[in-house]
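So the structure is just underneath, and the comments pick up after that.
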Amino acid sequence: MTMPTPSDQELHAYADGQLDADRRREVERYLANHPDAAREVDAIRQQTDGLRRQHADLGRFAAPPRLDPAQIRLAQAARRRRAMALAASLVLMLGLGSVGGWQIRDAAIRANYLPMADAVQAYRMFASDAAPSMVDFRSSQPAELQAWLNRHFVQPAPLPDFNAFGFQPVGGRLMSSEYGPAAMVLYQNPAGESVLYYVRPPGGVVNFGDGKRRDGDLTAQYWKQGRYFYGVVSPSDTPAARAVQQAVAPDA
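Everything in the sequence shown is counted per the working numbering, starting at 1336 for the first residue and increasing by one.
Okay, here's the thing in structure tokens:
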């Protein structure tokens, strides 16, 4: 009797040790005969370990369920499936010669896409008043922080200087996003307000340009330069942060 091919969800469950004993043995036999699937499981385990290490130092800050590595992978898989379904529909529209199809595509994607949502989440986790010191690389020297970014990214843009607005860098932190490695640099002023500078590679089906959006009490400004997307996240309604926002704005 031929064993059913394990689904993606079962492979993720196997990697997390969540299968029952009988099904685990079946999957192990399958992997022994399918090296490509075995390598995929190894990659899942490595990704899980990396995500757990990334958030291991949150200490007393309880991580929300959406940050569980298994949940992150399932959400990423769901987004990939939605993107594939959308791409299939676009191919159909193109085959029908629908000029308006591309406009529909853009509207459908952008209606559900929040640019730099990962940067906003990083601010809420690491730049709030409750956790101002959550940085991997502590330095107040822009040259040291630039060198740190240069070690992890290929020709990143120069680090912004917010000194004129009272914000000094306090350090940086490497991040993991669904698009690949990312990094943040945290700035603070004497009043304890924070500004977060964020760098990540492009990815997904949306290629957004310069812009900004408000997310609750925060404002995210973003742009693409060279190889990467960049963002600055700051409080929406404080005078000091508004001065930074005006300086970052494309028409400033």
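Positions of the beta carbon are idealized from the N, C-alpha and C atoms, including for glycine.
From the DSSP secondary-structure annotation, give me the bridge partner or partners of residue i.
i	result
Pro1574	Paired residue(s): none; Pro1574 is not in a bridge.
Asp1592	Shown here, the chain extends from 1336 to 1587; a query on residue 1592 therefore has no answer.
Ser1569	Thr1554
The beta strand (DSSP E) that contains residue i, what's its start and end?
i	result
Tyr1557	1553 to 1560
Gln1523	1515 to 1523
Met1510	1503 to 1512
Ser1529	1529 to 1535
Buried or exposed: where does residue i fall if 16 or more other Cβ atoms within 10 Å of its Cβ makes it buried?
i	result
Thr1340	exposed
Asp1453	buried
Gln1344	exposed
Gln1523	buried
Arg1549	exposed
Leu1449	exposed
Gln1381	exposed
Pro1504	buried
Ala1465	Because the pLDDT of Ala1465 is 48, which lies under 50, any placement of that residue in the model is unreliable, and the number read from its coordinates should be weighed accordingly. When all chains shown are included, Ala1465 counts as exposed.
Pro1370	exposed
Arg1535	buried
Arg1508	buried
Pro1570	buried
Is the closest heavy atom of the ligand ZN to the C-beta of residue i under 7 Å?
i	result
Gly1506	In the structure shown, the ligand ZN is absent, as is every other ligand, since no ligand is present at all.
If we cut at 8 Å on Cβ distances, does residue i have a partner in chain B?
i	result
Arg1473	Considering every chain present, this structure includes no chain B. It has just one protein chain.
In chain order, what are the residue ranges of uninterrupted alpha helix (DSSP H) at least 4 long that sit wholly in the segment 1459 to 1499?
Within the segment 1459 to 1499, the complete alpha helix (DSSP H) runs of at least 4 residues fall at 1477 to 1487.
Continuous alpha helix (DSSP H) assignments of at least 4 residues falling wholly in the segment 1349 to 1386:
Here the runs fully enclosed are 1356 to 1368.
Three or more C-beta pairs closer than 8 Å, one from the segment 1474 to 1494 and one from the segment 1523 to 1531: is that the case here?
Short answer: they don't touch.
Would you say the segment 1493 to 1500 touches the segment 1570 to 1585, given that touching needs at least three Cβ pairs under 8 Å?
At 8 Å Cβ cutoff, the stretches touch.
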